[in-house]
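Only one structure is covered here, and it is reproduced in the block below.
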Amino acid sequence: MAAANKSELIDILQKEYAKLDRLITPILAEQAMLKDEAETSIKDVVAHRAHWIRLFLGWYADGQAGKTVHFPAEGYKWNELKRYNADLRAAQKDVDWAAAQALLKQEYAALLAFVQTCSNEHLYGGPMQGAKNHWTPGRWAEAAGPSHFRSAAKYIRARVRSL
7 MAAANKSELI DILQKEYAKL DRLITPILAE QAMLKDEAET SIKDVVAHRA
57 HWIRLFLGWY ADGQAGKTVH FPAEGYKWNE LKRYNADLRA AQKDVDWAAA
107 QALLKQEYAA LLAFVQTCSN EHLYGGPMQG AKNHWTPGRW AEAAGPSHFR
157 SAAKYIRARV RSL
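Okay, so the sequence shown: first residue is 7 according to our numbering, each after it adds one.
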């Protein structure tokens, strides 16, 4: 169930990040860089999650500034996520395991700071500016952080079992 207020969002954000961090910390670089049959690695998934937090923070900033918010990114539509994610993996091909972990930690800290500085009313009082839907900034933040952390952990647990 989605968080309904700032306190719940902070709790779930911290909880899901801590679980993911505990899961990825012992993974060796050699394991993290191994590609699966879809040409995706644990490193790719971790770097992807960091990137999507940055996307959310960019969407939020653009909406607040009255700029056009490009979902999911300029030149892409939601139904083109496979292409977007493939392009992202290509753009992040030179990111190593240590850098992917550092990016995730950095973006998590930025997302947590964002949530902590917003009021409950701002996070849950109405739709995010520029989003053109009913989701609040808090709901978008949860989708970019805790929800993505859970899906990453599920993928990583399965990959670790298969290594």
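Quick reminder that beta carbons are idealized off the backbone N, C-alpha and C, glycines included.
Using a C-beta cut-off of 8 Å, the segment 15-26 makes contact with the segment 147-156, since at least three inter-stretch Cβ pairs fall below that distance. Under the 10 Å beta carbon count, ASP50 is surrounded by 16 or more other beta carbons and is classified as buried. The closest CA to that of SER13, considering only GLU127, TRP65, GLN135, LYS83, is found on GLU127.
Put simply, of ALA92, LEU110, ASP68 the residue whose alpha carbon is nearest the alpha carbon of ALA137 is ASP68. Bounds of the alpha helix (DSSP H) holding GLN107 are 103-123.
Rounded to whole angstroms, the separation of the alpha carbons of GLY64 and VAL166 is 32 Å. If the five residues before and after ALA164 are omitted, its C-beta is found closer than 8 Å to no C-beta atom of its own chain.
Our two residues, ARG95 and LEU87, have alpha carbons roughly 12 Å apart in a direct line.
With at least 16 other beta carbons inside 10 angstroms of its own, ARG55 counts as buried. For HIS128, the secondary structure class from DSSP, reduced to helix, strand or coil, is helix. Rounded to whole angstroms, the gap between the alpha carbons of HIS57 and ALA10 is 25 Å.
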